Each structure stands twice: as structure tokens, then as C-alpha cells.
Amino acid sequence: ASPADVVAARLRAAGIAEETIAEKRAMFGRAAQRLIDEGLTPEVHAKAFWVPGRIEIAGKHTDYAGGRSLLAATSRGFAIVSVDRDDDICRIFTAFAGSLGRSSTSLRIHKDLEPQQGHWSAYPAIAIRRLARNFDIHSGVDVAVECDLPESSGMSTSSAVICYMWVILAERNGVQATDKFRENLKTPEELYSYLGFIENGQNCGSVLVGDKGVGTFGGSEDHTAIMSCDPNTIKMFSYCPTKHEGTFNFPEDSVFVIAVSGAIAEKTGNAMADYNNAAFLARDAAAAWSKSTGKTPLDGETFVQGRPNLAEIVRHSHAESEETSEEKLRSEISEAIARVDDGKTFGPNPDDPSVRYAKGSLKERFEQFFDESEIMVPKIAKALADSDYDSLGKWSDESHRQTVECLRNTVPETAWLPQEARRRGALGASAFGAGFGGSCWALVRKRGAEAFADDLGEAYRKKFPRCADRSTFFVMAPGPGAFSVHGAADGRAA
1 ASPADVVAAR LRAAGIAEET IAEKRAMFGR AAQRLIDEGL TPEVHAKAFW VPGRIEIAGK
61 HTDYAGGRSL LAATSRGFAI VSVDRDDDIC RIFTAFAGSL GRSSTSLRIH KDLEPQQGHW
121 SAYPAIAIRR LARNFDIHSG VDVAVECDLP ESSGMSTSSA VICYMWVILA ERNGVQATDK
181 FRENLKTPEE LYSYLGFIEN GQNCGSVLVG DKGVGTFGGS EDHTAIMSCD PNTIKMFSYC
241 PTKHEGTFNF PEDSVFVIAV SGAIAEKTGN AMADYNNAAF LARDAAAAWS KSTGKTPLDG
301 ETFVQGRPNL AEIVRHSHAE SEETSEEKLR SEISEAIARV DDGKTFGPNP DDPSVRYAKG
361 SLKERFEQFF DESEIMVPKI AKALADSDYD SLGKWSDESH RQTVECLRNT VPETAWLPQE
421 ARRRGALGAS AFGAGFGGSC WALVRKRGAE AFADDLGEAY RKKFPRCADR STFFVMAPGP
481 GAFSVHGAAD GRAA
């Protein structure tokens, strides 16, 4: 069999949708040709990886506060071809989706590598630096990357870059065979958390210490989905620490229509400040509860020493009053936060007393977190598993409403899309992504899905002509997480 046929067979065995295999095979072919064009010989031994994006079905801004989310891998992502080098240089040749063209960078593996902020190479550089600091890697690669994830789609393109740098460099440098890896990252879930720490710069325990990351304060939801998801299933995780809470079959009679708004969701500049604000509100809502009650949750056994998160406060309060209903528990925690949520005590930067959250902001942030993590994520998971579309519609509508009205991190485009999809008969729909851009998922019956996507896209482009050229509408079922194409057919890239 030809190399292209071998690639196609391994993609098929891993669960890539049959209707996309020819397209994916061509992406790997272009990546291989790029390396040849850059001077490598066709006979050189190469490795190949598939790394997808992710869909957040539910669980908006919950992961860094220890909450739950419901996840699937996209049918789109990165096709990567890698060739080992004999030095400490990483050359990366990338082709972006759409009309964004090609680019390249050359990065030396070093513990003090300085990323070029605001440039696409910042994410590979941050991964290289962290792995050099934590695992003393020193062997480089030539990498060609083809991507069909739309720009700023909210499908975690940036986190996927962290993941593909991990799978390439971990294999090249034998990281997973080291004692340091085995002693500090003992489970797949601990690895997923570590990949999140690479991006946000935080320590992963006392040994795998952090650095500056990329300046966002997100969690490990994206990396978990990208690395762990399986075809035709959805997975529920909680975080801090990462814990797999359930796998659910995707409804056989349905598919996702993914509507990429084309509104920009880049986590740089002002968008980064907005993204981080949701994280700071969650952090300080937990601090407000501790200040108000004078309690230390879980006897101080918190994920981050001395800084409890909202999920830990919920668990602590559950344990204190086991008979308390969800509604009463929510009310008790909310009332405690409200007592110090006065618009004077808390702000995003403790060193800048001139900036404070508006009165009531911390209480509202907790209530959105509680409703999303404790109620809506489990109910949406059950609704999908049971094909209970009335329940799915009810709870996805409520999740989207709170995104718009409580998190307030949508733009007009992503606020409109789920509502319009539901008006047109979608079984459920919600926006997803970090916010201030991103996409929408809509669950529809398989029969007529392509027509639904075309009609929704046409209506969207008429409503928001400024985003017409950047918007994309496509049909998909959940796909596999990251895997090695050159290894065994089920070679998960963990």
C-alpha cells in the first residue's frame, strides 16, 4: 500500500469520519511535501500526528474554578508531520486555515527561550521552554503543520498547539520514559492538567514548576478534550484536579451543525483582559465566601494551597449539610458571598485598590458557576445520552441565556446564532469558546443537516455581513482525540 493509503487506513481505524478521510489524507500529504520543499529528502523517516480542536457542549468558564464540563473533539484540527533533528532546533512550518497563508519559525530549545508575544509562534515557544525547564529536553525536530480549524473559532486552536508540541517533543525526547514523568504525572488526567499549566504558566506540583505561560488564566478543559475524547461519544470531566466523571454515547440519529461566527476570539490585548476577568471573578467569589464565613473549606486540603475554588466550596458545603437541596445550598453560598460583595472589597488586581468589581458581581458569578457546573452539565449529558431532546433544548437554552446575561462574554453574533438555530428547529444549541467571538453548536437530525447548515449560514451572513467572509458552517459528529498516525492504529498520543 502507498503511504497515503496507509495514512487513510489509520485515520479510518482511529475513528475519523469516512467523509473527511480524503481531505485529511491530503492535509498530511501537503505537510510532508512542505518538509521536502524545505530541503528534507523524501526517504527520511517521518512521524505523523492528528490533533483536533474541541467543542464545549456545556461548562462555560467552569474548569479553572474546579467545575464540570461536557466535551467532544471536533472533526477539524491539525495534521502534523515531524522529522527528528540531531540538534536542539525546532523548525515549524505552518499552513493556516482559509486565506491566512503559510509561515515558519525556528526556535532553539532552551529553558530561557523568550516567546514573541502576539505572534503565532508564542504558543510553540512556551511549550518548548516549559518542557526544557521541567524535563531537560534538548532534541529538536522539523515540523510541518496543516490546519483546517477556522481562525478564532473558539475550538481551542491555541491549546491544540500546546498539545501538538507536547506529543511531538515528548516522543522525540522520550519524556514519558523518564522517572520524573512517571513520578509526577501518574495518570492521563494529571498529564492533561500539566498541559493546561504549560499554557497558563502555573506550577504543576512542587517539581514541575511554572513560568509566565501566555498570560491567560484558564484551566485544562481544552487540553483534556483534545487529548482524551473518543469518536461518537461525549465526555464529562471536573477539574482541579482533572477527573473523568462519565462517557456518554452520542445520539445515533443526530449530528452537530457547527456555526463559526467569524467574530474574533483571540486571547490577546483587550480580549485577554476580558477573558481573565471571568477567571478573576470566580477566584474572588471563592475568596469572598471564605472571608464572609471565616471558614477554610475541606480542612485546607485544596488544589491550590490557601486559595480554595468555587467547586471546593460547593463540596465543603455539601459535606457540612448532606440533606441540603441544591436550591438551598446555592442560596446559602450565594448569601454568604453577598455579605462582602459590596463593590469596595474585591477587585481583579489586589495591588490596585482603585479598580473594584461592581456590587453583586461576585454573587452573580458564583450563581452562574453553580447552575452551569452542578445542574446544567449533568442534565445536558443525560439528555444527550437518553436522546431526551425536550430536556436538551430546555437546559442548553438556559446555559446560553446565562452566558449572554450573566457571563456577558458573547458578541451579538454568538448571542444570535443559538437562538436562531433553535427557532429553525435545532434540538439544542449554545455558544462556545472563550467568549468575545467563537462559535455555536446546534444539534439536529442527520436527515437534512447539510441543508440546515446552509440555510443557517445564509441567514447569518445576511444578518451579520461584516463576518460573512470569515464565517463557516459545517456538519460533524464527535471525533477522536489526539493520536499518533505513524504508530499503532489506536496509538493515543498521551
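Counted from 1, the sequence shown has number 136 at position 136 by our numbering; the numbering is strictly sequential.
We treat Cβ as the ideally placed atom computed from N, Cα and C, and that holds for glycine.
Everything numeric in this text was worked out from a predicted model, so none of it was measured.
Quick one: what's got a C-beta closer than 7 Å to residue i's C-beta in the same chain, skipping five residues either side?
{"i": "Val44", "result": "Val83"}
{"i": "Leu445", "result": "According to the sequence shown, residue 445 is Arg rather than Leu. Excluding positions up to five away in sequence, the list reads Asp253, Ser254."}
{"i": "Gln368", "result": "Gln402, Cys406, Leu407"}
{"i": "Ile16", "result": "Lys24, Gly479, Pro480"}
{"i": "Ala263", "result": "Val411, Glu413, Thr414, Gly437, Cys467"}
{"i": "Trp441", "result": "Ile55, Ile57, Phe256, Ile258, Ala429, Ser430, Phe432"}
{"i": "Trp416", "result": "Lys463"}
{"i": "Ala385", "result": "Phe248, Asn249"}
{"i": "Ser159", "result": "Glu199, Asp222, His223, Ile226"}
{"i": "Ala426", "result": "Ala442, Leu443, Val444"}
{"i": "Thr268", "result": "Reliability fails at Thr268, whose pLDDT of 40 lies under 50, so the model's placement of it is uncertain and no value is given."}
{"i": "Gly360", "result": "Asp341"}
{"i": "Ala4", "result": "Arg25, Gly29"}
Suppose the cutoff is 6 Å on Cβ atoms and the five residues either side in sequence are ignored; what does the same chain contact list for residue i look like?
{"i": "Ser153", "result": "Val260, Ser439"}
{"i": "Tyr192", "result": "Ser220, His223, Thr224, Met227, Thr242"}
{"i": "Leu146", "result": "A small correction: the amino acid at residue 146 is Glu; Leu does not occupy that position in the sequence shown. The residues are Met27, Arg30, Ala31, Ala79, Ala95."}
{"i": "Glu189", "result": "Thr242"}
{"i": "Thr105", "result": "Ile92, Ser121"}
{"i": "Leu11", "result": "Ile21, Lys24"}
{"i": "Phe181", "result": "Val175"}
{"i": "Phe370", "result": "Arg330"}
{"i": "Lys363", "result": "Ser334, Ile337, Ala338, Asp341"}
{"i": "Pro115", "result": "Ala122, Ala125, Ile126"}
{"i": "Glu266", "result": "Because the pLDDT at Glu266 is just 48, under 50, the model does not fix this residue reliably, and the value given afterwards should be weighed accordingly. Contacts found: Ser152."}
{"i": "Thr293", "result": "Ala336"}
Provide the residue(s) that pair with residue i in DSSP beta bridges, ordered along the chain.
{"i": "Cys440", "result": "Ala259, Ala431"}
{"i": "Asn249", "result": "Thr233"}
{"i": "His244", "result": "Phe237"}
{"i": "Thr94", "result": "Ser103, Val145"}
{"i": "Ile89", "result": "Arg108"}
{"i": "Leu208", "result": "Cys204"}
{"i": "Ser254", "result": "Arg445"}
{"i": "Met476", "result": "Phe256"}
Just to confirm my understanding: we take residue i, look at its own chain, exclude 5 residues before and 5 after, and list those with CB closer than 8 Å. What are they?
{"i": "Pro473", "result": "Inspection of the sequence shows that residue 473 is occupied by Phe rather than by Pro. Contacts found: Val257, Ile258, Ala259, Val260, Ala453, Asp454, Leu456, Gly457, Tyr460."}
{"i": "Val141", "result": "Ser82, Val83, Asp84, Arg85, Cys90, Arg91, Ile168, Leu169, Arg172"}
{"i": "Thr233", "result": "Ala72, Thr247, Phe248, Asn249, Phe250, Pro478"}
{"i": "Ala40", "result": "A small fix is needed here, since residue 40 is Leu in this sequence, not Ala. Taken in chain order, the residues that qualify are Val83, Asp142."}
{"i": "Glu18", "result": "Arg12"}
I think residue i touches residue j, with their Cβ atoms under 8 Å apart; what is that distance to the nearest whole Å?
{"i": "Ser121", "j": "Leu107", "result": "7 Å"}
{"i": "Ala65", "j": "Met236", "result": "That pair is no contact at about 16 Å."}
{"i": "Leu137", "j": "Val175", "result": "Per the sequence shown, residue 137 should be read as Ile rather than Leu. With a Cβ gap of about 7 Å, Ile137 and Val175 count as contacting."}
{"i": "Arg283", "j": "Ala144", "result": "Not quite, the Cβ-Cβ distance comes to about 40 Å (not below 8 Å), so this is no contact."}
{"i": "Leu281", "j": "Arg365", "result": "4 Å"}
{"i": "Asn409", "j": "Ala278", "result": "6 Å"}
{"i": "Gly53", "j": "Leu195", "result": "So it is not a contact: roughly 14 Å between Cβ atoms."}
{"i": "Leu70", "j": "Asn134", "result": "So it is not a contact: roughly 30 Å between Cβ atoms."}
{"i": "Glu372", "j": "Thr62", "result": "6 Å"}
{"i": "Ala449", "j": "Val475", "result": "5 Å"}
{"i": "Asn309", "j": "Ala286", "result": "5 Å"}
{"i": "Ser569", "j": "Ala311", "result": "Any question about residue 569 goes unanswered here, given that the chain covers just 1 to 494."}
{"i": "Lys186", "j": "Gly201", "result": "Their Cβ separation, rounded to whole angstroms, is 22 Å, which puts Lys186 and Gly201 out of contact at 8 Å."}
Legend entry - In chain order, each alpha helix (DSSP H) run of at least 4 residues that lies wholly inside the segment 317-346: DSSP runs (the alpha helix (DSSP H)) wholly in the segment 317-346: 326-338.
Inset, instruction - Determine contact between the segment 67-84 and the segment 41-50, defined as no fewer than three beta-carbon pairs at a distance below 8 Å. - result: Judged by Cβ distances under 8 Å, the segment 67-84 makes contact with the segment 41-50, as three or more pairs qualify.
Inset, instruction - Take every Cβ of the segment 390-409, pair it with every Cβ of the segment 364-381, and state whether three or more of those distances are shorter than 8 Å. - result: At 8 Å Cβ cutoff, the stretches touch.
Inset, instruction - Only counting runs of 3 or more residues, tell me where the beta strand (DSSP E) segments fall wholly within the segment 17-86, in order along the chain. - result: Within the segment 17-86, the complete beta strand (DSSP E) runs of at least 3 residues fall at 47-58, 68-84.
Inset, instruction - Take every Cβ of the segment 290-298, pair it with every Cβ of the segment 315-335, and state whether three or more of those distances are shorter than 8 Å. - result: Yes, they touch.
Legend entry - alpha helix (DSSP H) runs wholly inside the segment 355-401, at least 4 long, in chain order: Taking 4 residues as the shortest admissible run, the segment 355-401 contains the following complete alpha helix (DSSP H) segments, listed from N- to C-terminal end: 361-370, 377-386.
Legend entry - Runs of alpha helix (DSSP H) lying entirely within the segment 129-178, each at least 4 residues, in chain order: Those alpha helix (DSSP H) runs which fall completely within the segment 129-178 and span 4+ residues are 157-173.
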